[in-house]
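Numbering (our numbering), first residue to last: 114 to 266.
For reference, the structure discussed in these notes is given below.
Printed below as a string of structure tokens:
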């Protein structure tokens with residue numbers, strides 16, 4: 114099963130690789146095996162989906178490629194493709210699958226949260242919120258006790 118998952122991760126990594134140090138199939142496969150992988154049953158059917166966070170092609174603030182893969186006869190297919198520093202699996206669900214929130218950092222004090230819900234065979238982003246933990250107060254930056262949250266759309 115690990116081999117099949119590694120192959121699925123390689124298929125997701127290959128199109129986004131920008132690392133100049135990876136130039137062979139063996140190095141791509143090693144990068145796939147170095148990814149963060151968590152098996153989570155997102156729809157309660159007793160078969161775990163694969164939650165994957167790649168450790169390559171990450172942004173300066175730690176935002177890395179992120180996927181949710183589902184087992185199919187031929188291997189695995191992506192249900193969600195995104196970018197995240199962190200993620201949470203929500204208690205809420207849509208169309209039988211748990212909702213997912215991806216968090217991306219823009220700076221040390223700002224970023225965004227995107228809510229994904231399952232419909233029509235895949236996860237779709239349905240809401241986005243930006244957050245700021247600081248504000249400009251005159252010519253000084255002031256830290257907030259609670260984040261200032263605004264819709265992205």
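Glycine included, C-beta positions come from ideal geometry on N, C-alpha and C.
Contact under 8 angstroms by Cβ, residue i with residue j
i	j	result
residue 210	residue 189	no
residue 263	residue 220	no
residue 162	residue 169	no
residue 181	residue 192	yes
residue 245	residue 216	no
residue 157	residue 179	no
residue 203	residue 213	yes
residue 165	residue 122	yes
Opposing strand residues paired with residue i [DSSP bridges]
i	result
residue 243	225, 263
residue 161	BP columns for residue 161 are empty, so no partner.
residue 154	The partner list for residue 154 (beta bridge, DSSP) is empty, contrary to what the question assumes.
residue 212	BP columns for residue 212 are empty, so no partner.
residue 230	237
residue 248	255
For residue i, three-class secondary structure by DSSP
i	result
residue 138	helix
residue 116	helix
residue 256	strand
Residue i burial status per 10 Å Cβ neighbour count (16 or more: buried)
i	result
residue 118	buried
residue 248	exposed
residue 120	exposed
residue 153	exposed
residue 254	exposed
residue 183	buried
residue 208	exposed
residue 159	exposed
residue 257	exposed
Residue ranges of each beta strand (DSSP E) within the region 167-206, 3 or longer:
177-185, 188-197
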